[in-house]
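Residue numbers (this note's numbering), protein chains in the order written: chain E, 7 to 370; chain D, -10 to 614; chain Z, 967 to 1131.
Notes to accompany the following structure.
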Amino acid sequence: MCPLSAQNTPVLIIGGGVAGLTAALELDRRGLPSLLVDKGPRLGGQARGFCCKALVSCARCGACRVGDLLEQVARRPGIQVLTQALPVAAQRQGPGWEVTLIPQPAPEGSAPALAPALAMERPLAQRLVVQAGAVILAVGHQVFDPARKSRLGHGRVPGVISAGQLEQALAQGGLPGQARRIAFIQCVGSRDQVLGRLYCSRVCCGFALRLARLARHLAPESAVTFFHMDVQDYGQAWRAELAEMRADLRFIRAIPGQVRRGQEGPVVAYAGEGGQPQEEEFDLVVLATGLEPPTAAPAFNEMFGLQPGPEGFLAPGAGVLVAGTAAGPRSIAESIEHAALAAAQAGLHLAAGQPAPRGEVAHA
Amino acid sequence: MPRPALCWLQAPGLEGLDPQELARAAGLELDRGGVLEAAVVNIPEAQAPADLRLRLLGRPVQWLDLAAEVGGGQPQHRLARAAASLARAAGRASLGTLAPVYTPQANQRVLVAGQGLGALEAARQAALLGHPVLLALPGDDPASPAVGEDPAQVARLAASLPAGIEFSPASRLDNLTGAGGSFQAWLDTPQGQSRQRFGAVLLTPAGGWETEPSPPGLDPSLARPLMDWESQPLSSQPGWRQVAILVGVSRPASAQAFGRALKAALALQGQPRLQVTLLFREALVAVEQGERLYRQARSAGVLMARLAQGDPRVAGEGRTLIWQDQVLGEELELTPDLVLLSQEISAPWPTFLQNEVLWPPRQRLLPEHARLDGGRTARSGFYILGALRGTAPGGERLAEAAAAAQDLHELLGGGATPLPAVRNLICARCLTCVRVCPHGVPEHQDDHIQPAPAACLACGICAAECPAEAIAPPGWSTAELLEGLKQGLARAPKPALVLFACGQSVMPALASLSRAGRPWPAGLLVQPLNCAGRVGLELILRALSLGAEGVLVAGCHDGMCRSLTGNLRARLATGQAASTLDELGLGADAVGFLHMASNQPQTLARTIEDMYGRLGRPGQAGQGE
Amino acid sequence: MRLNDCDPGFKQEIAREPGGQGIQACFACAACTARCPVGELKPEYDPRRLLRLAVLGRREEVLASPLIWLCCSCQSCSEVCPQDVRCSDVLTAIKNLAARAGYAPPSGQAMARQLAAHGRLLTVGEFENEKRAELGLPPVSEEPADYQAILGAEAAAPRPAGEGA
Chain E
7 MCPLSAQNTP VLIIGGGVAG LTAALELDRR GLPSLLVDKG PRLGGQARGF CCKALVSCAR
67 CGACRVGDLL EQVARRPGIQ VLTQALPVAA QRQGPGWEVT LIPQPAPEGS APALAPALAM
127 ERPLAQRLVV QAGAVILAVG HQVFDPARKS RLGHGRVPGV ISAGQLEQAL AQGGLPGQAR
187 RIAFIQCVGS RDQVLGRLYC SRVCCGFALR LARLARHLAP ESAVTFFHMD VQDYGQAWRA
247 ELAEMRADLR FIRAIPGQVR RGQEGPVVAY AGEGGQPQEE EFDLVVLATG LEPPTAAPAF
307 NEMFGLQPGP EGFLAPGAGV LVAGTAAGPR SIAESIEHAA LAAAQAGLHL AAGQPAPRGE
367 VAHA
Chain D
-10 MPRPALCWLQ APGLEGLDPQ ELARAAGLEL DRGGVLEAAV VNIPEAQAPA DLRLRLLGRP
50 VQWLDLAAEV GGGQPQHRLA RAAASLARAA GRASLGTLAP VYTPQANQRV LVAGQGLGAL
110 EAARQAALLG HPVLLALPGD DPASPAVGED PAQVARLAAS LPAGIEFSPA SRLDNLTGAG
170 GSFQAWLDTP QGQSRQRFGA VLLTPAGGWE TEPSPPGLDP SLARPLMDWE SQPLSSQPGW
230 RQVAILVGVS RPASAQAFGR ALKAALALQG QPRLQVTLLF REALVAVEQG ERLYRQARSA
290 GVLMARLAQG DPRVAGEGRT LIWQDQVLGE ELELTPDLVL LSQEISAPWP TFLQNEVLWP
350 PRQRLLPEHA RLDGGRTARS GFYILGALRG TAPGGERLAE AAAAAQDLHE LLGGGATPLP
410 AVRNLICARC LTCVRVCPHG VPEHQDDHIQ PAPAACLACG ICAAECPAEA IAPPGWSTAE
470 LLEGLKQGLA RAPKPALVLF ACGQSVMPAL ASLSRAGRPW PAGLLVQPLN CAGRVGLELI
530 LRALSLGAEG VLVAGCHDGM CRSLTGNLRA RLATGQAAST LDELGLGADA VGFLHMASNQ
590 PQTLARTIED MYGRLGRPGQ AGQGE
Chain Z
967 MRLNDCDPGF KQEIAREPGG QGIQACFACA ACTARCPVGE LKPEYDPRRL LRLAVLGRRE
1027 EVLASPLIWL CCSCQSCSEV CPQDVRCSDV LTAIKNLAAR AGYAPPSGQA MARQLAAHGR
1087 LLTVGEFENE KRAELGLPPV SEEPADYQAI LGAEAAAPRP AGEGA
């Protein structure tokens, strides 16, 4: 428990996911202590529940990096952690910020909360005012709610799940039900002018294809159909993997118009070879949901006086840095690198803003 | 031999364990606050109070994460595992720690070879962190950008460079040997070649444009590289009506190249009476503003033609492109006045990196190793950035440069980098360690094996492979491991299963299972290792000969090993052990290997249970969840 | 088909028509085709294909196609389109261009002939006149003079088929 009502810290990191953990670590490596706060009861963010997508070889999804980061953060005494702490107000103070945090009640039964607590995960007990030299916003992203595309049947048609739900099922050791005919539908909530999401979410092609390959591996008799527009590129190693997957999965370049309830499973309506509407029954339809700006983005913009960032994500401001998916869609590995830069910039900001530089940035 | 005492600190997960009883069971004295010869501490070093660390300074100490190794389950099982674990640690502590023969200092100088955003940012960050930096530029001007970068952004960065950076213009890195803290670099400069020592080296070449191959048979007078055209606008060609742009047609393209092609198409489409057709296989829009640009180009009137593999064909005396339209299912023909070929940024692999004995092969370093981000490579202190790594110009290059600078600072700062102990008296100079070390630590100098001061990760592959047992990271020699195993196995209930556990993937999974209160089989003896590569055939067979009924080796998935091949070496050793046992008629079932990741604790739990099932007496296995 | 012979201005022409603005936004994802009820009944009808032909600038082929008149404006395509193309409205714009260019659907031509000949689209026979009589309405004849009397001479002057839609 934290008995303090006011506290000083060089850097306040808001959000304890991959980006927040990395930022804290990188700051600590620079000799800068930080306070890492998360509004939920557990650190690790959305990626903490992700499963390993390796068959024999590592699929480089980065999901296990979350555990690595948690282990490392736990070993660094310079990083102080407060969970269930919600920032509600911020005031500019010199080159830094004064941020007010209020305790949050523990939510019941959310997925990461099922994991047992780490020793460092301590909830905020009472209202706390933090004076920080710099603030790093690592508040992550929101996953698109597939029910908003109601014609794709999520929440209405049994057997239609989101890629995140498939991930959770696989993390617990298997495919849901006896899924043999599996369809993936890409770009759900991405590349969509009507929804105001005119951007590619970057990660879903790789994510869905790795899940598809894992599903095929776990149930070798299953057949996977991949409805997509374009398969995005993830570099050299990915291209070799993709060539294998093209041989193993059925790629259909069309976005289905509708998913309805069928005799045994969901029925997908899509444009067939000659341009005629066609219907096909599957056991499982997986919607590759896109990444959206964090729901709290407008609140943070107002709190810290920030200009809205690209596509409604967060953009940095005076004494405020943004790390990870809060700044735009990116993968786990990309979030780690992005957060490292935010930490480096926070270090430079502190060095520039203080008459007597401290720690290892003294050379500035 | 020092007599170790048990320092007991209460910690979560140790409820119900009596230190008195455990100390007796493990054959240890319980610490009562006096002078200590050697110690076993039941919590990790980072969690220990400062006064205890001070008291133990300079003594042989074994720090345990006992809570993780004990786990949950029935009280008598937890007690048995705790006793075995402590006994094993006591065995190792009583050997003391092999002192390194010499303690070289890590060289603090940093070499940045290259130009552009990544080079300047890396140099700037390293200098701000207090390192003397030599920036070896291929040209004369530090403000010249790498290919594809914004010159204004580079100039701004060049203007903000701090003191402490030395420039070496018109220089080229010709050869590089060594590892973290002790690199030798051969630099070609206008003044001749010089050999200099550095603690860390960052490579970030400017790169060049690699042009999309022209479709076979196309009239060469039609085709032009896209970036060439940028400097020569088309307004002088009023008769032109049709322009084709090819991007990612005969080989995969990047989203950056696709974006550049879209921008060119937009600019051309804006000219009167000109129709631009963009030919591609996939619309690569996974970059900021990518989808908007794609839509903008369509709205401006650019024709999008998505091609199948093998298209376009060339006909009409090399002036006509023919392809199958995927919507219409019929052939389209275009006789363009100009064909622009998209370009990718690429950089050639430096020749010294092609020496696969000294450097890990390219596919092991590039482009994506899940544990090697921020430009890090398996060779500690050596960083690959920018065009050579395939990072797009802009913010991402700044990010990786910043991360690399921080990483080298920590590495050269000393920290807890181990230094392998070499017993030169028994070393046969066979250079096996030089050959197998993935981090380039051992170097053969003056007929001695000299380890680089800031490069060792204590993976122990050298110790597993050395035929003379002459090299090992401190604490990880075969003698130390066996002493621990001997004491642990003497106290472990039967059947005993030794788990050689990789510190990257297996120990975190064990810790999370333990936190969840997972009951373990009583005779499970966890031997934590930094890397499964430490295991080797000998250790497996010796563990069995010391009384273990089974040995399970668990390491990372292929491609995930921080030491590149530690997991594969361990798997090979396990296979060898299995076939040896089989030949001897002892049954290959006693040994097993598992590839896993730190977020697969259930896989580990299942495998341990399966293994126990095979050991013949499954009765004591835990109940599962 | 040679793209050099196509009309690159056709797509802009459609885009200038009311409702036609969306045509250039189409990225051919085929969500419209998947949901089109007309396509289910008439396999050769594919809205994505029609839009593709229009974008490529195959003016005559599109305007002369009997398929463009089949769209029933149910807006199913607009509902599913991620790029806000409003395919139904684009087809209306194409229909307007086609009509102006002198193309009319076969059904429209038949109706125009009927209108010119009889002044109305429905044929009035004994059955209708009996019903009218039951309601106390005067009978109407098949003759154009009849509706000229009702609507005035100007409205009755039949225009040649194809000029109006």
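For glycine and all other residues, C-beta sits at the position ideal for the given N, C-alpha and C.
- Residue pairing from DSSP places residue 312 of chain D in a beta bridge opposite D:321.
- Per DSSP, the continuous beta strand (DSSP E) segment holding residue 102 of chain E begins and ends at 102 to 109.
- Neighbours of residue 321 of chain D across chain Z, judged by C-beta separation under 7 Å: 967 and 969.
- Close to chain Z, meaning a Cβ-Cβ distance shorter than 8 Å, are the following residues of the segment 251 to 268 of chain D: 264 and 266.
- For residue 200 of chain D, the pairing in a beta bridge is given by DSSP as D:332.
- Under the DSSP assignment, residue 467 of chain D falls in the alpha helix (DSSP H) whose first and last residues are 467 to 480.
- Neighbours of residue 588 of chain D across chain E, judged by C-beta separation under 8 Å: 56, 57, 58, 69, 70, 72, 73 and 177.
- Within 10 angstroms of the beta-carbon of residue 1089 of chain Z lie fewer than 16 other beta-carbons, which makes it exposed.
- Per DSSP, the unbroken beta strand (DSSP E) holding residue 175 of chain D starts and ends at 171 to 178.
- Residue 251 of chain E has a beta carbon lying at 8 Å or more from every beta carbon in chain Z.
- Comparing C-alpha distances from residue 234 of chain E to each of D:273, D:208, D:184 and D:179 shows the shortest one belongs to D:273.
- Of the candidates Z:1107, Z:979 and Z:969, Z:979 places its Cα closest to the Cα of residue 1059 of chain Z.
- Counting only residues of its own chain and dropping the five nearest sequence neighbours on each side, residue 185 of chain D has a CB closer than 6 Å to the CB of 174.
- Counting along the chain, the unbroken alpha helix (DSSP H) around residue 283 of chain D starts and ends at 279 to 289.
- Assignment of alpha helix (DSSP H) within the segment 53 to 89 of chain E, counting only whole runs of 4 or more residues, yields 71 to 80 in chain order.
- Between the alpha carbons of residue 155 of chain E and residue 195 of chain E lies a gap of roughly 8 Å.
- Rounded to the nearest whole angstrom, the C-alpha separation of residue 76 of chain D and residue 473 of chain D is 7 Å.
- For residue 239 of chain E, the neighbours in chain D by C-beta distance under 9 Å run, in chain order, 237, 241, 242, 243, 244, 247, 271, 273 and 275.
- In this structure the segment 333 to 342 of chain E lies against the segment 194 to 212 of chain E, because at least three pairs of beta carbons, one per stretch, are closer than 8 Å.
- Between residue 288 of chain D and chain Z, the shortest Cβ-Cβ separation is below 8 Å.
- Straight-line spacing of the CA atoms in residue 96 of chain E and residue 59 of chain E works out to 40 Å.
- At a Cβ-Cβ threshold of 8 Å, residue 140 of chain E and residue 352 of chain E count as neighbours.
- Separation of residue 276 of chain D and residue 1071 of chain Z (C-alpha to C-alpha, rounded to the nearest whole angstrom) is 45 Å.
- In the three-state scheme derived from DSSP, where H, G and I count as helix and E and B as strand, residue 102 of chain D is classed as strand.
- Contact of residue 324 of chain D with chain Z is assigned, a C-beta pair being separated by under 8 Å.
- Relative to residue 379 of chain D, the option among D:418, D:346, D:338 and D:415 whose CA is nearest is D:338.
- DSSP places residue 437 of chain D in the uninterrupted beta strand (DSSP E) bounded by 437 to 440.
- The distance from the Cβ of residue 129 of chain E to that of residue 47 of chain E is about 7 Å, consistent with a contact at the 8 Å cut-off.
- Here the segment 1005 to 1012 of chain Z makes contact with the segment 1032 to 1041 of chain Z; the two share three or more CB pairs at distances below 8 Å.
- Burial of residue 314 of chain D is indicated by the presence of at least 16 other C-beta atoms within 10 angstroms of its C-beta.
- When Cβ-Cβ separations below 8 Å define contact, residue 152 of chain E makes no contact with chain Z.
- Residue contact check for residue 1018 of chain Z against chain D: a CB pair falls below 8 Å.
- In terms of CA proximity to residue 215 of chain D, D:256 leads the group D:256, D:367 and D:43.
- Within chain D, the residues placing a beta-carbon under 8 Å from that of residue 343 of chain E are 362, 363, 385, 388, 389 and 392, ordered along the chain.
- The shortest C-alpha to C-alpha distance from residue 971 of chain Z to any of D:82, D:323 and D:45 is the one to D:323.
- Distances from the alpha-carbon of residue 37 of chain E to those of D:604, D:395 and D:543 put D:395 closest.
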